[in-house]
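Peer 1:
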Amino acid sequence: MDCGGKGFSEVIKVALTHDVDRIDKIYQYLQYPLTSLLRGNFGRAWYHLSTVSKWKTVYWNFEKLTELEDKYGVRSTFFYLIETIPFDLFKPSEWNLALGRYDIRDKRILTAIETLKKGGWEIGLHGSYNSYKDLNLLKWEKKTLEEAAGLEVTGIRQHYLNMNNDTWQIQKDAGFLYDTTLGYNNTIGFMDGKVAPFSPFNDHFVEFPMTMMDFCFNAEKDKWKLTEKITSQAEENDGIIVLNWHPDNLDEGDFPGFFRDYENLIQFYKEKGARFDTLKNYYAELKTSKI
Ligand SMILES: [Zn+2]
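The opening residue of the sequence shown carries number -6 in this note's numbering; numbering runs sequentially from there.
1. Look up GLN260 in the DSSP assignment and give the residues it is bridged to.
2. Provide the residue(s) that pair with ASP12 in DSSP beta bridges, ordered along the chain.
3. Please name the residue in THR281, LYS273, TRP238 whose C-alpha comes closest to that of LEU61.
4. Flag this pair as touching only if the stretch 138 to 146 and the stretch 170 to 178 have three or more C-beta atom pairs under 8 Å; answer yes or no.
5. If we ignore side chains and look at the alpha-carbon of each, how far apart do GLU87 and ILE78 end up?
6. Starting from ILE234 and walking both ways along the beta strand (DSSP E), at which residues does that stretch end?
7. Just confirm the distance between the C-beta atoms of SER121 and GLU139, as a whole number of angstroms; I'd bet it's less than 8 Å.
8. Compare the Cα-Cα distances from VAL4 to each of LYS273, GLU278, LYS265 and report the closest residue.
9. Taking 8 Å as the CB-CB cut-off, is GLY250 touching chain D?
10. Report the three-state DSSP secondary structure of MET206 (helix, strand or coil).
11. By the three-class DSSP mapping on this structure, what secondary structure does HIS119 have?
12. In whole angstroms, what is the alpha-carbon distance linking ILE161 and LYS84?
Given below as structure tokens:
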């Protein structure tokens, strides 16, 4: 399938997405004060210690997000993570991954998924840290999410944007129809000049390049100038602007400005008359217009 070009309308296209990395703030109440103290930032250390009672809500911004999207009449894709890396005292580099994980069968998650399903949102898989190179693991994660959510999952983004030369093949063999991992984790824009969605194997499997993430956008000095440039690139090359805002990064105290950035971007694109849709719907349209 040759994606992009004729048949895919010229209006600016936006896809909103959320990688659900974690739902509770736990070990961070030890880690963040310590790292703040090591940097000599006593105020920040105190902030984290003084907000311990918010541990169950600070990363849980599900209602905040769905209410905002409802307000603008837009829908998004939530990519859920099924991480299985065990905690190993002697592997400190994996502590973040092992301790931060949640259970996909957690009642709060299942209730949230029901709300998303009923309201027209999309559910995708956030492939675990090692699944980008492990077909059996990825197949198991897809099946586990599908059983928990009670629907078929066709889209994926890999955790930490991990990829190697085999990842797309592995995702395709696991039964995914599209991936949206290709993108930067230190700036915003289209990686490797890839603007329009494309098919790496010239078949049904599609890559939607990820265009901007919350913390990269927030840290960018010329964010709006760059956003204008990115938007023109997308308009000229039939691209889709794919935003990735993590639900656990939206508390104003922990992540100042992140939620505001997200709303500002939605407003920015609304004012430009952009189309907002889920990647699943864009995929369906690409497929029917091209085959
Ligand atoms: Zn992630």
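Ideal placement from N, C-alpha and C gives every residue a C-beta, glycine not left out. Small disclaimer: the values here were computed from a predicted structure and weren't measured.
Peer 2: Answer, in terms of the structure:
1. Translated into the one-based positions of the sequence shown, residue 260 becomes position 267. Paired residue(s): none; GLN260 is not in a bridge.
2. Residue mapping note: residue 12 aligns to position 19 of the sequence shown, counting from 1. According to DSSP, ASP12 bridges with PHE72.
3. On the sequence shown, position 68 is the one that residue 61 refers to. By alpha-carbon distance to LEU61, the top candidate from THR281, LYS273, TRP238 is TRP238.
4. These segments do not touch.
5. As a working note, residue 87 is residue 94 in the sequence shown. As a working note, residue 78 is residue 85 in the sequence shown. Approximately 8 Å between the Cα atoms of the pair.
6. Start at 1 with the first residue of the sequence shown, and residue 234 comes out as number 241. It spans 233 to 237 - the beta strand (DSSP E) in which ILE234 sits, taken as one unbroken run.
7. The residue labelled residue 121 in the question sits at position 128 within the sequence shown. The residue labelled residue 139 in the question sits at position 146 within the sequence shown. Cβ-Cβ separation between SER121 and GLU139: approximately 15 Å, too far for a contact (criterion under 8 Å).
8. In the sequence shown, residue 4 corresponds to position 11, counting from 1. The candidate whose alpha carbon is nearest that of VAL4 is LYS265.
9. Of the protein chains in the structure, only one exists, and it is not chain D.
10. On the sequence shown, residue 206 is found 213 positions in, with the first residue counted as 1. Of the three classes helix, strand and coil, the one that applies to MET206 here is strand, per DSSP.
11. Taking the first residue of the sequence shown as position 1, residue 119 is located at position 126. HIS119: strand per DSSP, three-state reduction.
12. To locate residue 161, count along the sequence shown from 1; it is residue 168. To locate residue 84, count along the sequence shown from 1; it is residue 91. In the sequence on display, residue 161 carries Trp and not Ile. Cα atoms of TRP161 and LYS84: separation of roughly 28 Å, rounded to the nearest angstrom.
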